[in-house]
Amino acid sequence: RMAAAPPSYCFVAFPPCSKDGLVVFGKNSARPRDEVQEVVYFAAAAHDPGSKVECTYIEIEQVPKTHAVVLSRPSWLWGAEMGANEHGVCVANEAVVTREPASESEALLGMDLVRLGLERGATAREALDVIVALLEEHGQGGNYYEDGSSCHTFQSAFLIVDRNEAWILETSGKYWAAEKITEGVKCICNQLSLTTKIDAEHPELRNYVRSQGWWNGDSDFNFSEVFSLADDHLACCSGRESLEKQGGDVSAQAMIDVLRDKDSGVCVDSESFLTTASIVSVLPQDPSFPCVHYFTGTPDPSRSIFKPFIFVDDVKLVPKVQSPSFGNDDPAKKIPRFQEKPDRRHELYKAHEWARSLLENDQDKGQKLMRIMLDLEKQGLEAMEDILTRTEVLDPAEVVDLFYDCVDTELKFFK
1 RMAAAPPSYC FVAFPPCSKD GLVVFGKNSA RPRDEVQEVV YFAAAAHDPG SKVECTYIEI
61 EQVPKTHAVV LSRPSWLWGA EMGANEHGVC VANEAVVTRE PASESEALLG MDLVRLGLER
121 GATAREALDV IVALLEEHGQ GGNYYEDGSS CHTFQSAFLI VDRNEAWILE TSGKYWAAEK
181 ITEGVKCICN QLSLTTKIDA EHPELRNYVR SQGWWNGDSD FNFSEVFSLA DDHLACCSGR
241 ESLEKQGGDV SAQAMIDVLR DKDSGVCVDS ESFLTTASIV SVLPQDPSFP CVHYFTGTPD
301 PSRSIFKPFI FVDDVKLVPK VQSPSFGNDD PAKKIPRFQE KPDRRHELYK AHEWARSLLE
361 NDQDKGQKLM RIMLDLEKQG LEAMEDILTR TEVLDPAEVV DLFYDCVDTE LKFFK
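According to full-length UniProt numbering, the sequence shown holds residues 1 to 415 in order.
What follows is the structure, encoded as C-alpha cells:
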C-alpha cells in the first residue's frame with residue numbers, strides 16, 4: 001500500500017537570484033493536520049567514548065562532539081523535519097516514494113538523519129557524508145506518523161545547505177545520489193528530482209540498478225527515471241517560479257511570501273495534511289556575519305509569524321514553544337507504539353489555536369489581529385536586516401533573548 005507522501009516544499013536561493021551575497025533557505029513542513037511541531041535548541045556537547053544516542057526507534061553510537069542545533073520537529077520524535085546548526089548548516093527532509101517499498105522495520109527515520117547531519121556536520125558536504133554513512137550502517141525505516149493503526153513508511157530526500165553550497169540528496173533504501181548547487185534557485189518536494197547531473201553517489205548504485213533490471217547501462221543514467229514509480233517524476237515545483245520572478249532579489253521576506261502562498265500549493269491545507277510549521281534561514285556568504293533562522297512554531301504560515309533565532313552562547317531557552325515531555329511513559333516510546341495520543345500542544349500552539357478560530361469566526365477582529373502580528377514580524381525582519389548590513393560585529397548579548405522575546409511578545413498579543 002503506497003500512501004502518498006505529504007507534499008512539503010523546500011527551497012534554496014543563491015546569488016545572483018538572492019539579495020546581497022545571501023543564501024536563503026526555506027521549508028514548509030506538511031504533516032498530518034493535528035500533529036504539533038515544537039522548536040527546540042540543543043547546546044553543543046562533548047560525549048564520553050562508547051556512549052550511545054537514542055534516536056526515534058533505535059539506539060546508535062554517539063560521536064565525541066555534537067554541534068549546537070535548533071530544530072523544528074514533530075514533538076513525538078527524536079529527529080527533526082528541519083533545522084540549523086551553529087556553523088550555518090541547514091537541513092530539511094522530504095518523504096518520497098520510490099519504486100522500492102520503504103521498510104517498516106524500525107531503523108533511522110529521515111527526520112532522525114536531519115538531526116544527526118546537523119549535530120555532526122560543520123559544512124553541507126560533511127552533513128551529507130554523515131547522513132549517507134549512517135544510512136549505510138543502520139538503514140532507514142519505521143512509521144513516519146504517530147499512528148497506532150497503520151505504518152506509514154517513506155524513503156527520504158534532503159536539502160542540505162551552508163553559506164557556500166547546497167546538496168540535494170535523494171535516497172532509496174541505502175542507495176543514494178546527490179547534486180551540488182552553488183547558484184540560482186532550487187526547489188525540492190515529495191518527488192524525486194535528480195536527473196543526470198549527479199555529483200556524488202553510492203559506490204554500488206549503478207551496479208545495483210542494473211542487477212534489478214531498472215537500467216540497461218547504455219542510456220544516460222537518470223536517477224528519477226530509474227527510481228520513480230511510472231510518471232511520478234514530473235516537475236513539482238510551483239514555488240520556484242515565484243522566487244525566480246524576484247529577479248535577483250530573493251530575501252527572507254520573499255521566501256516567507258512563497259511559503260505563505262496557498263494558491264500555488266506550497267502552503268498545504270488539505271483534508272489530510274497541513275503545513276504544521278515553517279522555517280526560513282538567511283546565510284550570509286561573508287562568514288563575519290551571523291546566520292538568522294526564522295521559525296513559526298505554529299501551523300499555517302499564512303496565519304503565523306516568523307520569529308528570528310541567532311546562535312550565540314547561552315542562548316535563552318523558550319519553553320513556551322516546547323511540547324510537554326512524557327519521558328519513558330510516552331506512548332511513542334512503548335512497544336506496541338502509539339496506543340494512545342497524549343496532548344502535545346505547547347503554550348504558543350494553544351494560543352495560536354485561539355487566534356485561528358478568531359480569524360475564522362470574526363473577520364474584523366481576525367484581520368486586525370493579523371495586521372498586528374505581521375507588523376510585529378516586520379519589526380523582527382527589519383532588525384535582522386540591520387544586523388546583516390551594519391559594519392560592527394554583533395554583540396551576542398543583543399540577541400541572546402531574541403527568539404524568547406519574540407515568542408513572548410506574540411503570546412501577549414494573543415492574550
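Where a beta carbon is used, it is the ideal one built from N, C-alpha and C, also for glycine.
Rounded Cβ spacing between residue i and residue j (contact assumed at less than 8 angstroms)
i	j	result
P308	T276	About 20 angstroms separates the two Cβ atoms, so there is no contact after all.
W76	A332	4 angstroms
F306	Y294	4 angstroms
V89	A122	7 angstroms
L192	V96	6 angstroms
V250	V315	27 angstroms between Cβ atoms; not a contact.
Reference residue i; option with closest CA among the options
i	options	result
S278	A92, A5, Q62 and G79	A92
H202	P319, L128 and S302	L128
L317	S18, Q37 and V407	V407
K52	E183, V63, A44 and A46	V63
H138	A68, E61 and A177	E61
E179	Q191, E165, C189 and G173	E165
L369	R356, A30 and Q253	R356
M82	A102, T171, R115 and I335	R115
G117	V130, A5 and R125	V130
Q212	E35, R99 and A4	R99
R303	R337, K262, F11 and R390	K262
residue 441	Y175, H87 and E106	Examination of residue 441 is not possible in this model, given that the chain is present from 1 through 415 alone.
A177	V185, K186, F413 and F158	F158
L388	R120, Y404 and P284	P284
S172	G110, E54, V258 and F221	G110
D20	D286, F154, E392 and P6	D286
P319	Q367, A80, F403 and V209	F403
R31	S325, P74 and L376	P74
Where residue i sits in the DSSP three-state scheme
i	result
P284	strand
G83	strand
Q253	helix
N28	strand
K52	strand
H293	strand
T298	coil
D269	strand
V322	A small correction: the amino acid at residue 322 is Gln; Val does not occupy that position in the sequence shown. Here Q322 sits in coil by DSSP.
T123	coil
P7	coil
H233	At H233 the pLDDT is 49, less than 50, meaning the model places this residue with poor confidence; the figure from the coordinates comes in the next sentence. The answer is coil: DSSP assigns H233 none of H, G, I, E or B.
P396	helix
W78	coil
E385	helix
A277	strand
Q363	helix
E204	coil
L358	helix
K180	strand
V36	coil
K262	coil
K412	helix
K65	strand
S18	strand
A46	strand
V315	coil
Counted within 10 angstroms of its Cβ, other Cβ atoms place residue i as buried (16 or more) or exposed
i	result
N190	buried
W354	exposed
D112	buried
H233	Note that H233 has pLDDT 49, beneath the 50 cutoff, so the model's placement of it is unreliable and the number below is only indicative. Buried: at least 16 other Cβ atoms inside 10 Å.
I188	buried
L374	exposed
L229	exposed
Q339	exposed
T56	buried
K378	exposed
E119	buried
R371	exposed
G50	exposed
W214	exposed
T296	buried
Beta-bridge partners of residue i, as assigned by DSSP
i	result
V185	A13
V70	Y41 and A84
C90	A84 and V161
S172	Y175
F309	H293
Q155	V96
E59	E54
Q140	L108
W167	I160 and K180
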